[in-house]
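Below you'll find the structure, written out as structure tokens, and then a few comments.
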Amino acid sequence: MLSSQRWREMGLLVKKVAVITDAISPEFFSPRWQRYYGGLFGPENLHVITYAGMKPLFRDVQMGNIWEVNRPYDDKLRVDLIADFIAVLLNSYDVVLRCDVDEFLFPDPGRFLNLADFVEKNKQPYVTARGVDVIELEDDPPLDSNAPVLGNQRHYGLRSAALNKTCLTTVPLRWAPGFHGANASPHFSYLYNFHLKWADIKARITWNEKMLTGLTPGTSEHTYFAVGAEHLLSVAKFFSNKPKLGEETEGEFDRRFLDSVNVHQESQIYQGEFITQDFLFSLEKQFNTPAADF
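Per my numbering, numbering through the sequence shown is continuous, rising by one, with the last residue being 294.
Structure follows, in structure tokens:
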């Protein structure tokens with residue numbers, strides 16, 4: 001993958017792009033997130049928000065910007081804080097990308113070289129990425145953290161409307177908790193949001209258990225990580241046992257989601273139903289690429 005500096009030297013990347021997330025740990029998918037987005041846009045343009053007392057955990061992270069908020073993690077605080085921060089970033093950046101540390105934005109490889117190419121060529125004020133859960137099958141080995149996931153280690157995905165997130169913007173926006181909706185109607189392009197939560201369930205269980213040891217019971221963080229191994233394994237098994245062939249096309253799924261979108265009159269947030277398809281689809285067949293960069 002060409003570095004962001006090389007892209008700029010070649011005149012292929014003119015827009016100034018920031019990427020923002022929030023995290024309470026520099027582990028698990030964070031290194032992959034840093035490597036992917038930092039390689040495309042430069043580590044100096046990555047912005048990670050963390051919460052009260054957690055910045056020391058990131059002392060060894062090689063990244064441009066770690067911002068500590070003097071408040072404990074809270075889902076509503078999180079979404080409003082990041083929306084405000086994005087508005088500030090847009091004073092000095094042309095584009096801001098917002099995604100979780102286990103979310104990887106990737107464009108249609110038949111149309112774009114990579115995410116940087118998509119961002120550079122995009123002319124829309126904002127883009128809603130199509131959500132895909134990357135699914136671990138029963139015989140899949142554990143993820144190698146240093147090797148690409150898509151088209152290399154994991155081969156099936158599940159379309160999930162909960163992951164249809166407006167994650168590229170050139171204008172200030174407001175979001176619903178979890179970033180599941182924004183105050184702008186969904187607008188799809190050739191961009192996908194690959195979610196790795198279900199891509200290596202045993203590693204996630206190990207990480208959850210490790211995180212619990214340092215969190216205070218009753219806090220939002222503790223509640224998030226306290227989901228038991230039995231539940232996670234059962235959900236993962238449910239996903240992996242779905243059939244690997246179905247008739248509904250991507251366009252038909254998009255229409256089903258868009259038809260469900262309503263706007264909340266008070267907040268003016270557009271949200272659709274969290275529908276999923278009832279089958280898995282082949283990532284290689286859909287994206288026709290031997291391996292993505294994440």
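Don't be surprised by glycine CBs; every beta carbon is placed ideally from N, CA and C.
Residue interval of the alpha helix (DSSP H) (run including His231): Note, His231: alpha helix (DSSP H), Ala229 to Ser240.
Classify Val88: buried if its beta carbon has 16 or more other beta carbons within 10 angstroms, exposed otherwise. Only exposed fits Val88, as fewer than 16 other CB atoms lie within 10 angstroms of its CB.
Taking C-beta to C-beta, are Asp203 and Leu143 nearer than 8 Å? The sequence shown places Ala at residue 203, not Asp. Yes, the Cβ-Cβ distance between Ala203 and Leu143 is below 8 Å.
Considering Cα atoms alone, identify which of Phe188, Asn152, Val79 and Ile66 is closest to Asn108. The sequence as given places Asp at residue 108; Asn does not occur at that position. Answer by Cα proximity: Phe188.
Near Glu103, which residues of its chain fall below 6 Å by C-beta distance, leaving aside the five closest residues on each side in sequence? Answer for Glu103: Asn193 and His195, listed in chain order.
Whole-angstrom distance between Ala129 and Leu115, CA atom to CA atom: The alpha-carbon atoms of Leu115 and Ala129 are separated by roughly 12 Å.
Tell me the rounded alpha-carbon separation between Lys197 and Val134. C-alpha separation (whole angstroms): 8 Å.
What is the C-beta distance between Ile86 and Val96, in whole angstroms, given that I count them as a contact (C-beta under 8 Å)? Rounded, the Cβ-Cβ distance is 5 Å, consistent with contact.
Starting from the C-beta of Glu44, find all residues in its chain whose C-beta is less than 6 Å away, skip the five residues before and the five after it, and write them out in chain order. Around Glu44: Gly64.
In this structure, what does DSSP give as the bridge partners for Asn193? Answer is Leu105 and Gly131, bridged to Asn193.
Looking at Leu137 and Ser282, is the spacing between their C-beta atoms short of 8 Å? No.
Any heavy atom of the ligand ADP closer than 7 Å to the Cβ of Lys210? Ligands displayed in this structure: none; no statement on the ligand ADP is therefore possible.
Checking 8 Å against the spacing of the C-beta atoms, do Pro186 and Thr170 come in under that value? In this structure, Pro186 keeps its C-beta atom at 8 Å or more from the C-beta atom of Thr170.
Over what stretch of residues does the alpha helix (DSSP H) that includes Tyr224 continue unbroken? Its alpha helix (DSSP H) spans residues Ser220 to Phe225.
Under three-state DSSP, which class holds Ile20? Residue state, collapsed to three classes: strand.
Just reading off the alpha helix (DSSP H) that Trp33 is part of, what are its end residues? Unbroken alpha helix (DSSP H) run through Trp33: Ser30 to Phe41.
If we count the other Cβ atoms within 10 Å of its Cβ and call it buried at 16 or more, is Thr216 buried or exposed? Answer is exposed; the Cβ neighbour count stays below 16.
When burial is assigned at 16 or more other CB atoms within 10 Å of the CB, is Trp67 buried or exposed? With fewer than 16 Cβ atoms within 10 Å of its Cβ, Trp67 is classed as exposed.
Looking only at DSSP bridge pairs, what is Val48 linked to? Val48 is bridged to Thr21 and Ile66.
Beta-carbon separation of Phe287 and Gly151 under 8 Å? With contacts defined as CB atoms closer than 8 Å, Phe287 and Gly151 qualify as a contacting pair.
Could you check whether the Cβ of Arg71 sits closer than 8 Å to any Cβ belonging to chain B? Checking the listed chains, one finds no chain B in this structure; it contains a single protein chain.
To test your reading of the DSSP string, which unbroken beta strand (DSSP E) runs of 3 or more residues are found completely within the segment 150-214? Secondary structure within the segment 150-214: the beta strand (DSSP E) runs of 3 or more consecutive residues, fully enclosed, are 156-159, 165-169 and 188-195 (chain order).
Could you give the DSSP three-state label for Arg255: helix, strand or coil? In the structure shown, Arg255 sits in a helix (DSSP, three-state: H, G or I).
Is Leu97 helix, strand or coil by DSSP? Strand at Leu97.
When DSSP builds the beta bridges, which residues end up paired with Phe281? Listed as beta-bridge partners of Phe281 by DSSP are Gly157.
Straight-line gap, Asn122 to Val14 (C-alpha atoms, nearest Å): In this structure, the straight-line span from the alpha carbon of Asn122 to that of Val14 is close to 12 Å.
For Glu266 and Pro172, the rounded distance between their alpha carbons: When rounded, the distance between both Cα atoms is 18 Å.
Option in Leu105, Thr21 and Ser234 with minimal Cα separation from Gly178: Ranking Leu105, Thr21 and Ser234 by Cα distance to Gly178 puts Thr21 first.
In the DSSP assignment, the alpha helix (DSSP H) including Phe85 goes from what residue to what residue? Note, Phe85: alpha helix (DSSP H), Asp75 to Leu89.
With DSSP collapsed to three states, give me the class of Gln286. Gln286: helix per DSSP, three-state reduction.
Would Arg159 and Phe253 be called neighbours here (beta carbons separated by less than 8 Å)? Yes, Cβ-Cβ distance for Arg159 and Phe253 is below 8 Å.
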